[in-house]
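Below is one structure, written out as structure tokens, with a few remarks after it.
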Amino acid sequence: MQIWKSLWESYDLNNPADTPWETHTRDQKLFDIVSNHNFNTAIDVGCAVGTNADWLQQNGIKTVGIDISEKAISEAKKLNSKVEWICDDFVYDHVLFDRQFDLIFDRGCFHGYQYPESHFFAHKVSKLLSSNGYWISIIGAEKGDVIKFGPPRKTATEIVSVVEEHLEIVELSECHISLFNGNVAPAWCLISKKKS
Ligand SMILES: C[S@@+](CC[C@H](N)C(=O)[O-])C[C@H]1O[C@@H](n2cnc3c(N)ncnc32)[C@H](O)[C@@H]1O
Numbered sequence: 002m003q004i005w006k007s008l009w010e011s012y013d014l015n016n017p018a019d020t021p022w023e024t025h026t027r028d029q030k031l032f033d034i035v036s037n038h039n040f041n042t043a044i045d046v047g048c049a050v051g052t053n054a055d056w057l058q059q060n061g062i063k064t065v066g067i068d069i070s071e072k073a074i075s076e077a078k079k080l081n082s083k084v085e086w087i088c089d090d091f092v093y094d095h096v097l098f099d100r101q102f103d104l105i106f107d108r109g110c111f112h113g114y115q116y117p118e119s120h121f122f123a124h125k126v127s128k129l130l131s132s133n134g135y136w137i138s139i140i141g142a143e144k145g146d147v148i149k150f151g152p153p154r155k156t157a158t159e160i161v162s163v164v165e166e167h168l169e170i171v172e173l174s175e176c177h178i179s180l181f182n183g184n185v186a187p188a189w190c191l192i193s194k195k196k197s
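Each residue of the sequence shown is one higher than the one before, counting from 2 in my numbering.
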């Protein structure tokens with residue numbers, strides 16, 4: 002999604018309203034799930050300035066953070082030198098093609114995609130997941146009040162109709178996305194795995 006490159010160039014990183022999803026705290030659902038599983042490798046897709054990738058790496062998981070924006074990745078590099086930071090388009094990149102990850106995490110990345118790119122995204126995830134791996138995706142939910150600075154919103158039906166073509170859905174549950182101003186946006190937590 003090339004638009005993200007120019008969006009990032011226009012962001013003032015000292016103005017939290019420009020990147021409202023950035024709380025500089027790891028995602029709560031990610032924490033809950035990682036606490037109950039043994040993941041050796043992870044990739045944070047659309048990692049932005051690297052908050053969640055940094056947390057994963059600090060918790061002993063060999064982590065890749067990928068974002069399409071050079072500006073975001075250069076900020077992320079300041080946070081953790083052990084994470085493998087990649088500046089590329091996750092959907093179309095050619096760097097990751099032969100790699101496998103136990104955990105593919107994205108918060109607020111997949112939800113920006115519509116047909117047909119949403120399918121390309123889910124297909125790419127299915128190729129990169131290890132046989133026992135999980136994709137955890139935090140997706141803005143089409144419910145509750147529309148809030149200023151809120152994320153894109155998808156219905157459960159929209160999510161399932163795309164993802165089930167490529168992966169086996171393990172769980173679709175309610176959660177929220179915390180925002181910089183203390184608001185929370187309604188969200189879905191999608192957990193899926195490779196088709197058996
Ligand atoms: C709404 S932000 C969420 C950032 C971060 N995941 C978080 O929750 O704090 C979406 C991020 O995804 C990145 N992005 C969107 N499409 C991408 C793609 N195809 N490949 C890599 N990064 C992408 C954007 O540059 C942006 O940093």
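Beta carbons are placed, not taken as given, at the ideal position from N, Cα and C, and that holds for glycine. Every value quoted in this text rests on a predicted model; they were computed, and no experiment measured them.
- Query: How many whole angstroms separate the CB atoms of cysteine 190 and isoleucine 148, which I take to be in contact at a CB cut-off of 8 angstroms?
  - Reply: With a Cβ gap of about 19 angstroms, cysteine 190 and isoleucine 148 do not count as contacting.
- In three-state terms, what does DSSP make of lysine 125? helix
- Query: Around the Cβ of tyrosine 116, are there at least 16 other Cβ atoms within 10 angstroms (buried) or fewer (exposed)?
  - Reply: exposed
- Message: One question on the structure: do valine 35 and leucine 130 come within less than 9 angstroms of each other, judged by their Cβ atoms?
- Response: no
- Query: Just to confirm, does serine 70 get its C-beta within under 8 angstroms of one of the non-hydrogen atoms of ligand 1?
  - Reply: yes
- Can you tell which of Glu10, Lys78, Ser7, Cys176 has its C-alpha closest to the C-alpha of isoleucine 139? Cys176
- Task: Excluding the 5 residues preceding and the 5 following alanine 43 in the sequence, name in chain order all residues of the same chain whose CB lies nearer than 7 angstroms to its CB.
- Result: Leu57, Ile62, Thr64, Phe102, Asp103, Leu104, Phe106
- Message: With the cut-off set at 9 angstroms, would you say valine 50 and glutamate 76 are in Cβ contact?
- Response: yes
- Helix, strand or coil for isoleucine 34 per DSSP? helix
- Message: Quick test of your reading: leucine 168 and lysine 196, contact by CB under 8 angstroms. State the CB separation rounded to the nearest angstrom.
- Response: 6 angstroms
- Looking at isoleucine 34 and ligand 1, is the gap between the Cβ and the nearest heavy atom below 8 angstroms? no
- Task: Could you spell out the range, first to last residue, of the beta strand (DSSP E) harbouring serine 174?
- Result: 169-179
- Sufficient close CB pairs (3 or more, under 8 angstroms) joining the segment 107-126 to the segment 156-163: yes
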